[in-house]
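Visitor:
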Amino acid sequence: MEKVLILTSDSNTGYPVPATKGGAVSELVENIIDSNEKNPVFNFELVSIYEEKAEKKAKKYNYTKFHWCTPRTIVNSLDKVIFKIAKLLLKERSKSFKSMLALIQYILFARKILKNNTYDKVIIENTMLLFWTVRGLKKYQGKYYYHAHNLPSTNAFLKKTLLNTTKVLTVSEFVKKRVSAGKTKFPKFDNKKIVVFQNRIDLNNFRILNNFETEKLQQKFGLNKTDKVILFAGRISWEKGIDKLIDAVKKINSNNIKILIVGSTLHGENKVRKTKYIKKLEDKIHDLNSKIIFTGYISYEIMPVVYNLADIAVLPSMWEEPAGLTPLEAMACGTPVITTDSGGIPEYVGKSAVVLKRNTNLVSDIARNITNLLNDKELYELYRSEGLSRVQLYNSNNYAEELRKIL
Numbered sequence: 001m002e003k004v005l006i007l008t009s010d011s012n013t014g015y016p017v018p019a020t021k022g023g024a025v026s027e028l029v030e031n032i033i034d035s036n037e038k039n040p041v042f043n044f045e046l047v048s049i050y051e052e053k054a055e056k057k058a059k060k061y062n063y064t065k066f067h068w069c070t071p072r073t074i075v076n077s078l079d080k081v082i083f084k085i086a087k088l089l090l091k092e093r094s095k096s097f098k099s100m101l102a103l104i105q106y107i108l109f110a111r112k113i114l115k116n117n118t119y120d121k122v123i124i125e126n127t128m129l130l131f132w133t134v135r136g137l138k139k140y141q142g143k144y145y146y147h148a149h150n151l152p153s154t155n156a157f158l159k160k161t162l163l164n165t166t167k168v169l170t171v172s173e174f175v176k177k178r179v180s181a182g183k184t185k186f187p188k189f190d191n192k193k194i195v196v197f198q199n200r201i202d203l204n205n206f207r208i209l210n211n212f213e214t215e216k217l218q219q220k221f222g223l224n225k226t227d228k229v230i231l232f233a234g235r236i237s238w239e240k241g242i243d244k245l246i247d248a249v250k251k252i253n254s255n256n257i258k259i260l261i262v263g264s265t266l267h268g269e270n271k272v273r274k275t276k277y278i279k280k281l282e283d284k285i286h287d288l289n290s291k292i293i294f295t296g297y298i299s300y301e302i303m304p305v306v307y308n309l310a311d312i313a314v315l316p317s318m319w320e321e322p323a324g325l326t327p328l329e330a331m332a333c334g335t336p337v338i339t340t341d342s343g344g345i346p347e348y349v350g351k352s353a354v355v356l357k358r359n360t361n362l363v364s365d366i367a368r369n370i371t372n373l374l375n376d377k378e379l380y381e382l383y384r385s386e387g388l389s390r391v392q393l394y395n396s397n398n399y400a401e402e403l404r405k406i407l
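Numbering (UniProt numbering), first residue to last: 1 to 407.
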């Protein structure tokens, strides 16, 4: 089997693999190495930011060797100072500076591993700055691949290194078209070397559960059995459109609707940072307090129970979502989904979810479709059934084998 190194650090260096702190990229990489445990096709090695729970969980793997990068105390301290300054100067655009020095430390750590070892292939996960790990290393020419989970937003001053990428794997046709057309910061690339490698989910975890498993969480959140639970799961930011859902619920005349908001301003954090957007939300919900439940961040392992608890998942993405795991996860748990025509989402959900246009009617359309699904049992069961059928296309069982075919 080929020896393949995976580089996973995001720009915030916040999300280890295994994905004990969440993060979409970390969760997907975990799905790949899990699939490889069931049907081994690679000898993986993986460079991850150190986290205690992740290290413990990693011990179960036989076909993935982990290299743990532990940010030094002084690096963490300096990063906190830099981030505070960035927040003052850049406001909403400060996220990229949250762990800048820790990312540099990760790059140097991974580059040393690459120099001291020999790998058949190297997979760079999403973060463009990670291309610095292979820059100038001749033994990896023709051996490194880029897995684009988002639209590349920087060329990291490495145009030549980027152009020498063996293949670019994109999570959707939407991302592929943007990259091949030169509409991202990735330099215009040979279309034949760009391949769609769709996301997968673990259907052993995301599935319909019995009532006993959801009752404890129901009690924890103070929900009654007569409540109709509308779920929003994701980062609390304008991109994810939570304000649209709140405005929509205000239009619905019902006393038993509850909005369950699962997420934080940054993945893996329980606290919600007081951004301008959060303050705007607080103004919107002052008369809806009895209908809204903020949970903060909930671990990936608990999310299947949360999806099962919900009657409908409303995920009104406003930015160009490259793909979208959350709609698939909800559908796999038998929860009908209302979403938008954002980026790659329509490719994934097809006609198995309510897909709305992001126009001036969006709030009214969300309200109308929530009402229709709650009042029409036949329509509700149709979307539930269609969703359960659709997600079979994204079963992660053969995720590693699909990757092998592409590389």
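Beta carbons are placed, not taken as given, at the ideal position from N, Cα and C, and that holds for glycine.
Keep in mind that this is a model prediction, so the values were computed, not measured.
1) Can you tell me whether DSSP reads Val-306 as helix, strand or coil?
2) Look up His-267 in the DSSP assignment and say whether it is helix, strand or coil.
3) Using 7 Å as the cut-off, classify the Cβ of Pro-346 as near or not near the heavy atoms of the ligand PLP, replying yes or no.
4) Can you grab the Cα-Cα spacing for the pair Arg-111 / Leu-137, in whole Å?
5) If we count Cβ pairs, one from each stretch, closer than 8 Å, do we get three or more for the segment 184-194 versus the segment 151-158?
6) Determine, using beta-carbon pairs with one atom in the segment 218-234 and one in the segment 352-366, whether at least three such pairs fall under 8 Å.
7) Do the CB positions of Phe-174 and Glu-347 come within less than 8 Å of each other?
8) Ordered along the chain, which non-local residues of its own chain (more than five positions away) have a Cβ less than 6 Å from that of Thr-226?
9) Helix, strand or coil: which one does DSSP assign to Val-262?
10) Please identify the residue among Asn-199, Thr-166, Asn-36 whose C-alpha is closest to the C-alpha of Ala-24.
11) Determine, using beta-carbon pairs with one atom in the segment 285-301 and one in the segment 324-343, whether at least three such pairs fall under 8 Å.
12) Does the beta-carbon of Phe-44 have 16 or more other beta-carbons within 10 angstroms, so that it is buried, or is it exposed?
13) Start and end of the beta strand (DSSP E) containing Val-122?
14) Candidates Tyr-399, Lys-276, Tyr-380: which alpha carbon is nearest Lys-38's?
15) Is it the case that the segment 165-173 contacts the segment 127-147, given that we only count it when at least three CB pairs across the two stretches are under 8 Å?
16) For the pair the segment 275-286 and the segment 362-377, tell me if three or more CB-CB distances fall below 8 Å.
17) Is the beta carbon of Tyr-106 less than 8 Å from the beta carbon of Ser-9?
18) Evaluate His-267 with the Cβ neighbour count: other Cβ atoms within 10 Å of its Cβ, from every protein chain shown; 16 or more gives buried, anything less gives exposed.
19) Following the continuous alpha helix (DSSP H) through Ser-48, name the residue where it begins and the one where it ends.
20) Quick check: the segment 307-327 against the segment 285-296, are at least 3 beta-carbon pairs closer than 8 Å?
21) Compute the Euclidean distance between the alpha carbons of Leu-325 and Ile-201, then round it to the nearest angstrom.
22) Which residue wins for smallest C-alpha separation from Tyr-15, given the options Lys-3, Leu-28, Phe-206, Leu-5?
Guide: Per the coordinate set shown:
1) Taking the first residue of the sequence shown as position 1, residue 306 is located at position 306. Helix, per DSSP.
2) Against the sequence shown, residue 267 aligns to sequence position 267. In this prediction, His-267 scores a pLDDT of 48, lower than 50, which makes its location untrustworthy; the coordinate-derived value is nonetheless stated afterwards. His-267 falls in the coil class under three-state DSSP.
3) Among the components modelled here there is no ligand, and therefore nothing to report on the ligand PLP.
4) As a first step, residue 111 must be located in the sequence shown, where it is residue number 111. As a first step, residue 137 must be located in the sequence shown, where it is residue number 137. Distance between the alpha carbons of Arg-111 and Leu-137: 9 Å.
5) yes
6) no
7) Translated into positions along the sequence shown, residue 174 becomes position 174. Translated into positions along the sequence shown, residue 347 becomes position 347. Yes; because the gap between Cβ atoms is below 8 Å, this pair is in contact.
8) Mapped onto the sequence shown, residue 226 falls at position 226. Hits under 6 Å: Asn-256.
9) Here residue 262 refers to the residue found at position 262 when the sequence shown is read from its first residue. It is a strand residue.
10) As a first step, residue 24 must be located in the sequence shown, where it is residue number 24. For Ala-24, the nearest C-alpha among the options comes from Asn-199.
11) no
12) As a position in the sequence shown, residue 44 is number 44, starting the count at 1. Flag for Phe-44 reads buried.
13) Translated into positions along the sequence shown, residue 122 becomes position 122. That run of the beta strand (DSSP E) goes 121-125.
14) Against the sequence shown, residue 38 aligns to sequence position 38. Looking at the Cα atoms, Tyr-399 is the closest of the given residues.
15) yes
16) no
17) Counting from one through the sequence shown, the residue named residue 106 turns up at place 106. Counting from one through the sequence shown, the residue named residue 9 turns up at place 9. Yes, these two residues count as a Cβ contact at 8 Å.
18) Stepping through the sequence shown from its first residue, residue 267 is reached at position 267. Because His-267 carries a pLDDT of 48, less than 50, the predicted location of this residue cannot be relied on, and no value is offered for it.
19) Your numbering for residue 48 matches position 48 in the sequence shown. Careful: Ser-48 lies outside any alpha helix (DSSP H), inside the beta strand (DSSP E) at 42-49.
20) no
21) Taking the sequence shown and counting its residues from 1, the one referred to as residue 325 is at position 325. Taking the sequence shown and counting its residues from 1, the one referred to as residue 201 is at position 201. Rounded to the nearest angstrom, the two C-alpha atoms are 8 Å apart.
22) Here residue 15 refers to the residue found at position 15 of the sequence shown. When only C-alpha atoms are compared, the closest one is Leu-28.
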